[in-house]
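Enquirer: Just passing along the structure, written as structure tokens.
Residue numbers (this note's numbering): 1 to 99.
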């Protein structure tokens with residue numbers, strides 16, 4: 001629970017810093033992208049690009065987190081299967097020794 005609160009506070013602090021830095025830049029600039037060109041205030045452009053970067057970072061992190069979770073589940077299933085096999089082999093060995 002604490003790690004979620006700490007993560008939220010860190011993200012909130014980053015957003016506040018980005019907004020503060022962006023709010024001080026009222027210049028109009030021309031932004032050229034692949035298909036067109038637009039004019040934005042620098043503060044708006046900073047906020048948009050910051051938000052896109054934040055979302056892209058979360059998506060990439062989420063992808064790798066999900067990938068690790070799935071690998072972990074697979075390995076846990078494999079451990080359970082191997083533990084059952086070991087248990088079966090040891091009980092079979094003990095039965096043959098007892099006879």
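Using N, Cα and C, we set each Cβ at its ideal position, and we do this for glycine too. Every value quoted in this text rests on a predicted model; they were computed, and no experiment measured them.
Check this for me: beta carbons of residue 52 and residue 31, under 8 Å apart or not?
Expert: Numbered from 1 along the chain shown, position 52 holds the residue referred to as residue 52. Numbered from 1 along the chain shown, position 31 holds the residue referred to as residue 31. Cβ distance not < 8 Å, so residue 52 and residue 31 don't count as in contact.
Enquirer: Quick one: what does DSSP say residue 87 is sitting in, helix, strand or coil?
Expert: The residue you call residue 87 lines up with position 87 of the chain shown. Three-state result, residue 87: helix.
Enquirer: Classify residue 60 as helix, strand or coil using the three-state DSSP reduction.
Expert: To locate residue 60, count along the chain shown from 1; it is residue 60. Note: residue 60 maps to helix in three-state DSSP.
Enquirer: Are the Cβ atoms of residue 18 and residue 36 separated by less than 8 Å?
Expert: Numbered from its first residue, the chain shown carries residue 18 at position 18. Numbered from its first residue, the chain shown carries residue 36 at position 36. Going by C-beta atoms, residue 18 is not nearer than 8 Å to residue 36.
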